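**Student:**
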Amino acid sequence: MASITQFNPSSPKRDLIIMVVFAVAVLTAPIWLAPVGASYPDLLQRFAIFGIFALGFNILFGLTGYLSFGHAAFLGVGSYAAVWIFKLLTMNVVLAIIFGVLVAAIFAVVVGFICLRRSGIYFAILTLAFAQMFYNLAYSVLTPITNGETALTLALDDPRAIDAMFGVDHGAGLPAPSLFGLELTGFTAFYFCAVVLIIAFWVSLKIFRSPFGLKLLAIKSNQNRMLYTGFNPKPYLLVAFVISGMYAGLAGSLMVITDPLAGAERMQWTASGEVVLMTILGGAGTLIGPLLGAGIIKYFENIFSALHHAQLAESFGFLPNALVEPVVSVVSLFVGEGWHLTLGILFMLVVIFLPGGLMEGIRRLSAYVRAKRAGDGEETVAGGATQPSE
Amino acid sequence: MFKDKSLTRRTMLKGTAIAGAALAAPTVFSRGAWAQDFRNNPGDASSITLGFNVPQTGAYAEEGADELRAYQLAVKHLNGEGDGGMMNTLKPLNLTGNGVLGKKVEYVTGDTQTKSDAARASAKRMIERDGALMITGGSSSGVAIAVQALCQDMGTIFMAGLTHSNDTTGKDRRRYGFRHFFNAHMSGAALGPILKEEMGTDRRAYHLTADYTWGWSQEQSIKEVTEAMGWETVAAVRTPLGAGDFSQYITPVLDSGADVLILNHYGKDMVDSLTQAVQFGLRDKQVNGKNFEVVVPLYSRLMAQGAGKNVAGIYGSTAWNWQLQDAASQNFTKSFGNEYGFPPSQAAHTCYVQTLLYANACESAGTFYPPEVIKFLEGFEFDGAGNGPTLYRAEDHQCFKKVLVVRGNENPTSQFDLLQVVKEVPAEAVTYPPDLYAGELGPYEV
Numbered sequence: 001m002a003s004i005t006q007f008n009p010s011s012p013k014r015d016l017i018i019m020v021v022f023a024v025a026v027l028t029a030p031i032w033l034a035p036v037g038a039s040y041p042d043l044l045q046r047f048a049i050f051g052i053f054a055l056g057f058n059i060l061f062g063l064t065g066y067l068s069f070g071h072a073a074f075l076g077v078g079s080y081a082a083v084w085i086f087k088l089l090t091m092n093v094v095l096a097i098i099f100g101v102l103v104a105a106i107f108a109v110v111v112g113f114i115c116l117r118r119s120g121i122y123f124a125i126l127t128l129a130f131a132q133m134f135y136n137l138a139y140s141v142l143t144p145i146t147n148g149e150t151a152l153t154l155a156l157d158d159p160r161a162i163d164a165m166f167g168v169d170h171g172a173g174l175p176a177p178s179l180f181g182l183e184l185t186g187f188t189a190f191y192f193c194a195v196v197l198i199i200a201f202w203v204s205l206k207i208f209r210s211p212f213g214l215k216l217l218a219i220k221s222n223q224n225r226m227l228y229t230g231f232n233p234k235p236y237l238l239v240a241f242v243i244s245g246m247y248a249g250l251a252g253s254l255m256v257i258t259d260p261l262a263g264a265e266r267m268q269w270t271a272s273g274e275v276v277l278m279t280i281l282g283g284a285g286t287l288i289g290p291l292l293g294a295g296i297i298k299y300f301e302n303i304f305s306a307l308h309h310a311q312l313a314e315s316f317g318f319l320p321n322a323l324v325e326p327v328v329s330v331v332s333l334f335v336g337e338g339w340h341l342t343l344g345i346l347f348m349l350v351v352i353f354l355p356g357g358l359m360e361g362i363r364r365l366s367a368y369v370r371a372k373r374a375g376d377g378e379e380t381v382a383g384g385a386t387q388p389s390e
Numbered sequence: 001m002f003k004d005k006s007l008t009r010r011t012m013l014k015g016t017a018i019a020g021a022a023l024a025a026p027t028v029f030s031r032g033a034w035a036q037d038f039r040n041n042p043g044d045a046s047s048i049t050l051g052f053n054v055p056q057t058g059a060y061a062e063e064g065a066d067e068l069r070a071y072q073l074a075v076k077h078l079n080g081e082g083d084g085g086m087m088n089t090l091k092p093l094n095l096t097g098n099g100v101l102g103k104k105v106e107y108v109t110g111d112t113q114t115k116s117d118a119a120r121a122s123a124k125r126m127i128e129r130d131g132a133l134m135i136t137g138g139s140s141s142g143v144a145i146a147v148q149a150l151c152q153d154m155g156t157i158f159m160a161g162l163t164h165s166n167d168t169t170g171k172d173r174r175r176y177g178f179r180h181f182f183n184a185h186m187s188g189a190a191l192g193p194i195l196k197e198e199m200g201t202d203r204r205a206y207h208l209t210a211d212y213t214w215g216w217s218q219e220q221s222i223k224e225v226t227e228a229m230g231w232e233t234v235a236a237v238r239t240p241l242g243a244g245d246f247s248q249y250i251t252p253v254l255d256s257g258a259d260v261l262i263l264n265h266y267g268k269d270m271v272d273s274l275t276q277a278v279q280f281g282l283r284d285k286q287v288n289g290k291n292f293e294v295v296v297p298l299y300s301r302l303m304a305q306g307a308g309k310n311v312a313g314i315y316g317s318t319a320w321n322w323q324l325q326d327a328a329s330q331n332f333t334k335s336f337g338n339e340y341g342f343p344p345s346q347a348a349h350t351c352y353v354q355t356l357l358y359a360n361a362c363e364s365a366g367t368f369y370p371p372e373v374i375k376f377l378e379g380f381e382f383d384g385a386g387n388g389p390t391l392y393r394a395e396d397h398q399c400f401k402k403v404l405v406v407r408g409n410e411n412p413t414s415q416f417d418l419l420q421v422v423k424e425v426p427a428e429a430v431t432y433p434p435d436l437y438a439g440e441l442g443p444y445e446v
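Same order as they appear, the protein sequences are chains A and B. With UniProt numbering, letter number 27 in the first sequence gets 27, and the count goes up by one each step, no holes. With UniProt numbering, letter number 311 in the second sequence gets 311, and the count goes up by one each step, no holes.
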């Protein structure tokens with residue numbers, strides 16, 4: 001957990017190593033995720049996008065300790081904004097991203113300004129109320145703008161004014177989002193998201209290391225003391241809130257770049273809760289933790305939920321015949337439609353035994369390994385990227 | 001802790017193949033290099049994969065579970081296992097119980113969670129990772145429309161499951177999407193004459209409508225029909241989805257002077273609103289000298305089960321019921337009952353038929369190449385699927401077949417005997433011109 005006593009300005013060299021290892025890990029994900037069946041474009045894109053979402057959430061929750069229960073609203077707003085750019089102006093993703101982030105930022109300023117008058121549970125409830133309001137507006141009241149339950153999609157007869165001006169030909173079907181002519185579908189879209197994720201991670205790292213990050217940690221540690229020393233925490237809190245809202249907007253616009261559809265469900269309170277789970281599961285206040293959490297939750301949602309009885313029977317084929325059926329029927333409680341159950345158990349285990357999230361587990365493990373090596377009379381190994389960054 | 005369970009040889013091989021594809025991405029993903037090549041072409045493989053995308057969690061989970069049962073049964077029948085079910089009655093049919101085009105049928109499943117995002121993610125997984133040739137499922141129109149649009153972009157055929165909104169084959173119709181289920185317009189057209197017969201032409205109706213596209217489209221369709229026969233619409237009140245407690249919406253009905261309550265709700269909403277309306281004593285009231293009536297335009301047996309004896313005497317429409325006496329329905333009910341021990345729902349019926357129709361289209365077209373399969377299905381006329389002679393209309397990919405008007409059974413003989421078929425409305429009576437709800441199908445080749 002990040003706290004002011006552990007604040008570590010770190011060295012530029014170590015940060016560089018972290019960045020390089022991180023970038024390599026992200027870009028080679030299609031290869032090392034293949035053995036667990038997670039190496040297909042859609043899930044890889046989701047890992048990157050929800051990673052960005054969780055990174056942004058962590059800037060607010062991990063550093064300031066303010067628990068927002070409505071962050072999915074900014075994700076949704078970013079999505080709608082980006083789809084409208086696709087529809088009205090151009091299929092080039094640059095404008096869609098800029099606009100998506102900008103609109104999310106504007107909403108974050110308004111919501112943050114109001115909600116940050118309170119802290120603790122009142123702040124959480126206020127953000128939840130706003131998010132639920134946005135959700136209901138998007139679901140029915142604002143149907144002309146959001147297309148309600150059916151979700152906002154592209155249409156063949158959209159104006160796309162800028163594309164039309166430059167005479168871009170999209171062919172017969174619906175156009176795909178592109179980056180200056182490079183069509184972003186499949187693995188191309190993943191690599192695009194991966195690059196954005198790396199940049200987002202770098203920004204997050206810089207914030208963690210900056211004096212601004214230190215002030216946020218101070219707010220988390222003791223806001224009253226901050227006030228007595230003459231600091232007004234409100235502007236810092238608002239900036240942190242807006243930055244994390246912009247991350248959500250960025251994730252939202254990437255979602256529609258990889259799949260041009262914006263639905264209201266992604267603003268529902270369950271979606272806001274999901275990012276909280278991701279962050280806590282991975283380790284709030286750590287740099288890598290939220291990414292881990294996002295990856296695990298999305299893996300469960302997409303892979304575990306898809307296992308069915310016949311596939312299980314095949315996987316357990318090595319067991320004696322009499323055992324296969326009982327084992328399969330027990331295991332199938334936890335996969336397929338029971339994937340929520342497994343996720344719930346995992347979450348409980350983490351919260352009970354590793355309150356600092358999976359990152360705490362990794363930290364304990366590496367400390368254990370190091371102690372053991374030192375005991376064997378060997379030299380301690382210098383920390384790599386797997387070490388917690390604070 | 002169960003992570004390694006997914007590490008079968010198959011996933012491993014597939015994973016490696018995808019990793020290879022990832023490295024070769026720039027060359028492989030250049031579109032349309034060969035005219036006859038298409039996404040997930042099974043080529044010389046000995047099997048094909050179908051993707052069953054149903055809600056396994058959330059409000060429609062029960063319907064999703066029944067759909068999945070129907071799909072699994074269909075796969076069995078296609079592979080020549082079991083008693084063959086409707087394969088014995090569907091005409092014309094080229095399937096022989098030897099898979100499709102000699103390839104064994106396999107399947108993958110996914111959870112839509114009744115959310116368009118999750119449904120699209122799940123469908124993409126089936127197409128990108130598992131190599132699914134066709135996607136089918138859905139128990140809500142929003143999801144069906146979202147997945148249908150995705151399938152058009154991906155060039156994969158989508159056989160819609162339970163979706164009742166006019167939009168699915170209206171404004172949001174797609175070349176790659178097909179719907180066998182009926183829609184709100186057909187509900188209105190089928191119910192209208194019966195309501196007139198049973199309740200007269202001088203009625204005052206009060207609508208409670210689920211506040212989203214499907215609810216609106218049904219309210220619109222029912223209003224048009226009832227107003228045309230002289231009914232007056234007192235009010236149409238929108239209720240949020242999943243409200244749970246409808247008492248605040250039902251109390252005003254009593255003072256409104258209305259004598260018919262129309263519930264444009266589905267799933268759990270319908271169970272809740274109907275139960276509360278009956279508990280508030282609406283059914284025992286006399287208004288304007290007439291018995292107060294409740295109408296549920298879209299009925300399903302699973303929901304009727306949820307509402308219990310409250311459904312007694314309440315009118316509605318449904319696509320299919322297991323008590324139909326034709327050979328196809330009897331065969332299917334028997335086959336489903338033998339397998340699972342209870343009768344199938346209308347959702348199960350439409351999903352089963354859709355799977356057979358797709359398989360038959362591939363077999364008859366002699367290829368899995370989607371544009372050819374689509375051309376075969378467009379304008380396809382068949383019989384022996386439980387709804388009499390049926391046409392897959394080419395202009396909007398909507399099936400036209402009999403629609404059932406049903407009434408909640410006053411004296412059910414079993415827990416499944418809840419709906420009584422009042423009338424089988426012939427296809428001609430519910431057919432409407434294809435441009436009534438204007439939409440664009442899009443291209444064959446994507």
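The beta carbon of each residue, even a glycine, is placed where N, CA and C say it ideally should be. The model shown is predicted, which means the values in this text are computed figures rather than measured ones.
Run through chain B and tell me which residues come within less than 7 Å of Pro326(A), C-beta to C-beta.
**Tutor:** Within chain B, no residue comes near Pro326(A); the closest Cβ sits about 15 Å away, beyond 7 Å.
**Student:** Within the same chain, show all residues whose beta-carbon is closer than 7 Å to that of Ala25(B), passing over the 5 residues directly before and after it, in chain order.
**Tutor:** In this predicted model, Ala25(B) has a pLDDT of only 45, less than 50, meaning its place in the structure is not dependable; the value taken from the coordinates is given anyway. Hits under 7 Å: none found.
**Student:** Since Ser317(B) is in the beta strand (DSSP E), which residue starts that stretch and which ends it?
**Tutor:** Its beta strand (DSSP E) spans residues Tyr315 to Thr318.
**Student:** Does any residue of chain B bring its CB to less than 8 Å from the CB of Gly173(A)?
**Tutor:** For Gly173(A), the answer is yes, since a Cβ of chain B falls inside 8 Å of its Cβ.
**Student:** Is the Cβ-Cβ distance between residue 472(A) and Thr213(B) less than 8 Å?
**Tutor:** Chain A is shown from 1 up to 390; residue 472(A) falls before or after that span and cannot be answered.
**Student:** I'd like to know whether the C-beta of Val422(B) is nearer than 8 Å to at least one C-beta of chain A.
**Tutor:** Not one chain A Cβ lies under 8 Å of Val422(B).
**Student:** Using the Cα positions of Ser221(A) and Val239(A), report the straight-line distance between them to the nearest angstrom.
**Tutor:** So the alpha carbons of these two residues sit roughly 18 Å apart.
**Student:** Ends of the beta strand (DSSP E) at Asn264(B)?
**Tutor:** Counting along the chain, the beta strand (DSSP E) containing Asn264(B) begins and ends at Val260 to Asn264.
**Student:** In whole angstroms, give me the CA-to-CA distance for residue 459(B) and Asn310(B).
**Tutor:** The question about residue 459(B) has no answer here: the residues shown for chain B are numbered 1 through 446.
**Student:** Measure the alpha-carbon distance for Ala158(B) versus Thr188(A) and round it to whole angstroms.
**Tutor:** The sequence shown places Phe at residue 158(B), rather than the Ala named in the question. One C-alpha to the other measures close to 25 Å.
**Student:** Buried or exposed for Thr163(B), going by 16 or more other Cβ atoms inside 10 Å?
**Tutor:** Answer is buried; the Cβ neighbour count reaches 16.
**Student:** Quick check: is the beta carbon of Ser273(B) nearer than 8 Å to any beta carbon in chain A?
**Tutor:** It does not: the Cβ of Ser273(B) has no partner Cβ on chain A nearer than 8 Å.
**Student:** Considering only the beta carbon of each residue, do Gly173(A) and Gly64(B) sit closer than 8 Å?
**Tutor:** No, the Cβ-Cβ distance between Gly173(A) and Gly64(B) is not below 8 Å.
**Student:** Note down, in chain order, every chain B residue with its Cβ under 7 Å from the Cβ of Asp42(A).
**Tutor:** By Cβ distance, chain B contributes Ala121, Lys124, Arg125 and Glu128.
**Student:** Contact between the region 210-224 of chain B and the region 113-121 of chain A is defined here as three or more beta-carbon pairs at a separation below 8 Å; is this criterion met?
**Tutor:** Verdict: no, contact absent.
**Student:** Quick one: measure Cβ to Cβ for Asn53(B) and Val147(B), integer angstroms, because I've assumed they're closer than 8 Å.
**Tutor:** Rounded, the Cβ-Cβ distance is 6 Å, consistent with contact.
**Student:** In terms of DSSP beta bridges, what is Met159(B) paired with?
**Tutor:** Paired residue(s): Thr136(B) and Phe178(B).
**Student:** Measuring alpha carbon to alpha carbon, tell me which of Gly267(B), Ser141(B), Leu50(B) and Asn79(B) ends up nearest Lys124(B).
**Tutor:** Nearest C-alpha to Lys124(B): Leu50(B).
**Student:** So Asn92(A) is in the beta strand (DSSP E); what residue range does that whole segment cover?
**Tutor:** Looking at the DSSP string, Asn92(A) is not in any beta strand (DSSP E), and its letter there is neither H nor E.
**Student:** Compare the C-alpha of Ala232(B) against each of Gly257(B), Glu128(B) and Lys104(B) and name the closest.
**Tutor:** Rather than Ala, the amino acid found at residue 232(B) in this sequence is Glu. Checking every option, the nearest Cα to that of Glu232(B) belongs to Gly257(B).
**Student:** Could you tell me the distance, in whole angstroms, from the CA atom of Ala59(B) to the CA atom of Lys87(A)?
**Tutor:** So the alpha carbons of these two residues sit roughly 32 Å apart.
**Student:** Under the rule that 16 or more other beta-carbon atoms within 10 Å means buried, what is Gln152(B), buried or exposed?
**Tutor:** When all chains shown are included, Gln152(B) counts as buried.
**Student:** Identify every run of the alpha helix (DSSP H) within the region 203-284 of chain A, keeping only runs that are complete inside it and at least 4 residues long; order them along the chain.
**Tutor:** Counting whole runs of 4 or more residues, the region 203-284 of chain A contains the alpha helix (DSSP H) stretches 211-221, 223-228, 233-258 and 269-282.
**Student:** Between the alpha carbons of Gln398(B) and Ala108(A), how many angstroms are there, rounded?
**Tutor:** If you take the alpha carbons of Gln398(B) and Ala108(A), they lie about 44 Å apart.
**Student:** CB Asp167(B) to CB Ser141(B), shorter than 8 Å?
**Tutor:** Yes, these two residues count as a Cβ contact at 8 Å.
**Student:** Using a cut-off of 7 Å between C-beta atoms, extract the partners of Thr57(B) located in chain A.
**Tutor:** Chain A residues near Thr57(B): Glu337 and His340.
**Student:** Bridge partners of Asp111(B), per DSSP?
**Tutor:** Answer by DSSP bridge pairing, in chain order: Val54(B).
**Student:** Checking contacts by CB at 8 Å: is Ser116(B) closer than that to chain A?
**Tutor:** Answer yes: the Cβ-Cβ gap between Ser116(B) and chain A drops below 8 Å somewhere.
**Student:** Could you confirm whether any beta carbon from chain A is found closer than 8 Å to the beta carbon of Gly267(B)?
**Tutor:** Output row for Gly267(B): interface = no.
**Student:** Does the CB of Thr169(B) have a neighbour CB from chain A at under 8 Å?
**Tutor:** Chain A, which has no Cβ nearer than 8 Å to the Cβ of Thr169(B), makes this no.
**Student:** What is the rounded straight-line gap between the Cα of Pro426(B) and the Cα of Lys402(B)?
**Tutor:** Cα-Cα distance, rounded: 5 Å.
**Student:** What's the call for Glu224(B), buried or exposed, on a 16-neighbour Cβ count within 10 Å?
**Tutor:** Exposed, by the Cβ-count rule.
**Student:** With a CB to CB cut of under 6 Å and the five nearest residues on each side skipped, what residues in its chain are close to Glu395(B)?
**Tutor:** Hits under 6 Å: Pro434.
**Student:** Tell whether a beta-carbon distance below 8 Å holds between Phe61(A) and Leu67(A).
**Tutor:** Closer than 8 Å, so yes.
**Student:** Please list the partners that Tyr139(A) has in chain B, where partner means a Cβ-to-Cβ separation under 7 Å.
**Tutor:** The answer, in chain order, is Tyr212.
**Student:** Output, in sequence order along the chain, the residues in the region 225-249 of chain B whose CB is closer than 8 Å to any CB in chain A.
**Tutor:** Listed in sequence order: Arg238, Pro240 and Leu241.
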